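Numbering (this note's numbering), first residue to last: 5 to 397.
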């Protein structure tokens, strides 16, 4: 374990930590990071996991949710989940049997990590010390749902000298597609198997039931800066040609934008004689415009909507997960900037990927389309067997 490369990497990690410390301290006081940064970089309220458990590492919200079909089968062993983001922590905390921690920064790994029976890391969370320390303690290591996007592949190739070393500490790699398999092989990875995207197997349910509004309900889910105005304008244009009662429900991606989005919606409601409501004040969905200003409600809103406009695809964000609205029978519309969701959209049928100026027409077209659906292609048999072999007291 005490190789020149490892020592150099660790020293660089320490140097980066020291240089970044002032910035980390400043951001630690911001609402968005006040839990994650102190935990990751100062080990605040971040004790080590219980030993001999099954440890999952999932960066954020989507990855944490995707763990559900794997965790539900674990009945005896301790379940441990580490995350990077606040939304990931919230999603992981839903699993009642799990210990949840923010993943400490690399320099803490040798002191913080202890032996687990199995470490399963999702997608592209390639932390060198995470894998090195796990193998040094006799933990079996797995990279699951692994992928390398078109946009990032060139960057990975430039760092092949690094990744070829990292992959020596990964026992098994389950990739999403044949293309991903070829890309990982070009980086020096071995023991690869294509099983599909595990997000296709996740259990998607509503946590609460609400009454569907009369007429046609359109939800704009996980919207970003600039997208709300675009969607409201398209909604107003569509409203001119559609006689049925219409409702536009907007769910911003980030809670810190709730007030700004509400002010925007208020302006449109006054200028166009539309009723407006905030979900935090009333759970009725009968207004013309409704702002969902509560976290954890998106799936519940999808469940009572007809058309789902996915945010992140009209701005240059990369799109958002189409599986959730599809699970509730919505007709999905997204902008074409879906570079972070390309793999998932390969499985989607009857969804519209459009230019920004085509949204009003897409609403009209959706009326005559069947609900969007998923062509399910994922094999969890082998990874579930591996987990079962580690599931004992």
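Glycine residues also receive a C-beta, built at the ideal position from the N, C-alpha and C atoms.
Here the structure is a predicted model, which means the values were calculated and not measured.
Review point. Quick one: Cα of residue 303 to Cα of residue 333, how far?
Key: As a working note, residue 303 is residue 299 in the chain shown. As a working note, residue 333 is residue 329 in the chain shown. Cα to Cα, residue 303 sits roughly 11 Å from residue 333.
Practice item. State buried or exposed for residue 9, treating a residue as buried only when at least 16 other CB atoms are found within 10 Å of its CB. Key: For the purposes of this step, residue 9 is taken as residue 5 along the chain shown, with counting starting at 1. Looking at its Cβ environment, which holds fewer than 16 other Cβ atoms inside 10 Å, residue 9 is exposed.
Check your understanding: Terminal residues of the continuous alpha helix (DSSP H) containing residue 41?
Key -> Position 37 of the chain shown holds residue 41. Start and end: 40–46.
**Study point:** Per-residue burial, residue 110 [other beta carbons within 10 Å of its own, 16 or more giving buried]
**Key:** Taking the first residue of the chain shown as position 1, residue 110 is located at position 106. Its Cβ being crowded by 16 or more others within 10 Å, residue 110 is buried.
**Study point:** CB-CB length for residue 386 against residue 201, believed under 8 Å
**Key:** Taking the first residue of the chain shown as position 1, residue 386 is located at position 382. Taking the first residue of the chain shown as position 1, residue 201 is located at position 197. With a Cβ gap of about 15 Å, residue 386 and residue 201 do not count as contacting.
Point to revise | Buried versus exposed, by CB contacts within 10 Å (16 or more), residue 331 | key: Counting from 1 along the chain shown, the entry for residue 331 is found at position 327. The residue is buried, with at least 16 neighbouring Cβ atoms inside 10 Å.
Practice item. Mind the definition here: the segment 33–40 touches the segment 340–359 only if three or more C-beta pairs lie below 8 Å; say whether that holds. Key: Contact between the segment 33–40 and the segment 340–359 is absent: fewer than three C-beta pairs spanning the two stretches fall below 8 Å.
Practice item. Counting only the same chain and skipping the five closest in sequence on each side, list residues whose C-beta sits under 6 Å from that of residue 358. Key: In the chain shown, the residue the question calls residue 358 occupies position 354. Cβ within range, chain order: 366.
Review point. With a cut-off of 8 Å, does the C-beta of residue 362 fall near any C-beta of chain B?
Key: Looking at the structure shown, chain B is missing, and only one protein chain is on hand.
Review point. For residue 281, does the three-state DSSP call read helix, strand or coil?
Key: Mapped onto the chain shown, residue 281 falls at position 277. Three-state result, residue 281: strand.
Point to revise | residue 348, enclosing alpha helix (DSSP H) - first and last residue | key: Within the chain shown, numbered from 1, the residue matching residue 348 stands at position 344. 346–349 is the extent of the alpha helix (DSSP H) around residue 348.
Exercise for review: Sort 51, 94 and 56 by Cα distance to residue 69 and report the nearest one.
Suggested key: Stepping through the chain shown from its first residue, residue 69 is reached at position 65. Answer by Cα proximity: 94.
Check your understanding: What span of residues does the alpha helix (DSSP H) with residue 365 cover, start to end?
Key -> On the chain shown, position 361 is the one that residue 365 refers to. 363–370 is the span of the alpha helix (DSSP H), which, as asked, contains residue 365.
**Study point:** residue 60 versus residue 289 - alpha carbon distance
**Key:** Along the chain shown, one-based indexing puts residue 60 at 56. Along the chain shown, one-based indexing puts residue 289 at 285. If I take the Cα positions, the gap works out to 38 Å.
Check your understanding: Nearest-angstrom Cα distance between residue 150 and residue 267?
Key -> Start at 1 with the first residue of the chain shown, and residue 150 comes out as number 146. Start at 1 with the first residue of the chain shown, and residue 267 comes out as number 263. Between the alpha carbons of residue 150 and residue 267 lies a gap of roughly 41 Å.
**Study point:** Beta-carbon proximity of residue 317 to residue 257, cut-off 8 Å
**Key:** Here residue 317 is taken as the residue at index 313 of the chain shown, counted from 1. Here residue 257 is taken as the residue at index 253 of the chain shown, counted from 1. No, these two residues do not count as a Cβ contact at 8 Å.
Exercise for review: Report the partner residues of residue 353 according to the DSSP bridge assignment.
Suggested key: Counting from one through the chain shown, the residue named residue 353 turns up at place 349. In DSSP, residue 353 forms a bridge with 377.
Review point. Could you give the distance in angstroms between the alpha-carbon of residue 218 and the alpha-carbon of residue 280?
Key: Indexing the chain shown from 1 puts residue 218 at position 214. Indexing the chain shown from 1 puts residue 280 at position 276. Those two C-alpha atoms are separated by around 16 Å.
Point to revise | Where residue 26 falls, given that 16 or more other Cβ within 10 Å makes a residue buried | key: Along the chain shown, one-based indexing puts residue 26 at 22. Per the 10 Å Cβ criterion, exposed.
Check your understanding: If you scan the segment 13–100 from start to end, which runs of the alpha helix (DSSP H) of 4 or more residues do you find wholly inside it?
Key -> If only complete runs of 4 or more residues are kept, the segment 13–100 shows the alpha helix (DSSP H) at 40–46, 65–70, 72–75 and 90–96, in order along the chain.
**Study point:** Cβ neighbours of residue 107 in the same chain (closer than 7 Å, five flanking residues each side left out)
**Key:** The residue you call residue 107 lines up with position 103 of the chain shown. Once the five neighbours on either side are set aside, the close Cβ partners of residue 107 are 44, 61, 86, 87 and 88.
Exercise for review: Could you tell me which uninterrupted alpha helix (DSSP H) segments, each at least 4 residues in length, are contained entirely in the segment 182–217, listed from first to last along the chain?
Suggested key: Here the runs fully enclosed are 182–190.
Practice item. Return the CA-CA distance between residue 210 and residue 307, expressed in angstroms with no decimal places. Key: The sequence position of residue 210 within the chain shown is 206, counting from 1. The sequence position of residue 307 within the chain shown is 303, counting from 1. Each residue's Cα considered, the two are about 7 Å apart.
Practice item. Please work out which residues of its chain come closer than 7 Å, Cβ to Cβ, to residue 396, disregarding the five sequence neighbours upstream and downstream, and give them in chain order. Key: In the chain shown, the residue the question calls residue 396 occupies position 392. Excluding residues within five positions, the ones whose Cβ falls inside 7 Å are 80 and 81.
**Study point:** Enclosing beta strand (DSSP E) for residue 298 [first to last residue]
**Key:** Stepping through the chain shown from its first residue, residue 298 is reached at position 294. Per DSSP, residue 298 belongs to no beta strand (DSSP E) and is neither H nor E.
Review point. Could you give the C-beta distance for residue 335 and residue 310, rounded to a whole number, given that I count them as a contact under 8 Å?
Key: Translated into the one-based positions of the chain shown, residue 335 becomes position 331. Translated into the one-based positions of the chain shown, residue 310 becomes position 306. Indeed they touch by this definition, with Cβ atoms about 7 Å apart.
**Study point:** Under the three-state DSSP convention, the category residue 271 falls into
**Key:** Taking the first residue of the chain shown as 1, we reach residue 271 at position 267. DSSP places residue 271 in helix when its eight states are reduced to three.
Review point. Does the distance from the CB of residue 73 to the CB of residue 384 come in under 8 Å?
Key: Within the chain shown, numbered from 1, the residue matching residue 73 stands at position 69. Within the chain shown, numbered from 1, the residue matching residue 384 stands at position 380. Cβ distance < 8 Å, so residue 73 and residue 384 count as in contact.
Practice item. Over the uninterrupted alpha helix (DSSP H) stretch that includes residue 158, give me the two end residues. Key: Translated into positions along the chain shown, residue 158 becomes position 154. First-last of the alpha helix (DSSP H) with residue 158: 154–162.
Review point. Using CA coordinates, which residue listed in 249, 274, 390 and 226 is at the minimum distance from residue 319?
Key: Counting from 1 along the chain shown, the entry for residue 319 is found at position 315. The option with the nearest alpha carbon to residue 319 is 226.
Exercise for review: Count the other C-beta atoms from every protein chain shown that fall within 10 angstroms of the C-beta of residue 293, then say buried if there are 16 or more, exposed otherwise.
Suggested key: The count along the chain shown starts at 1 and reaches residue 293 at position 289. So residue 293 counts as buried.
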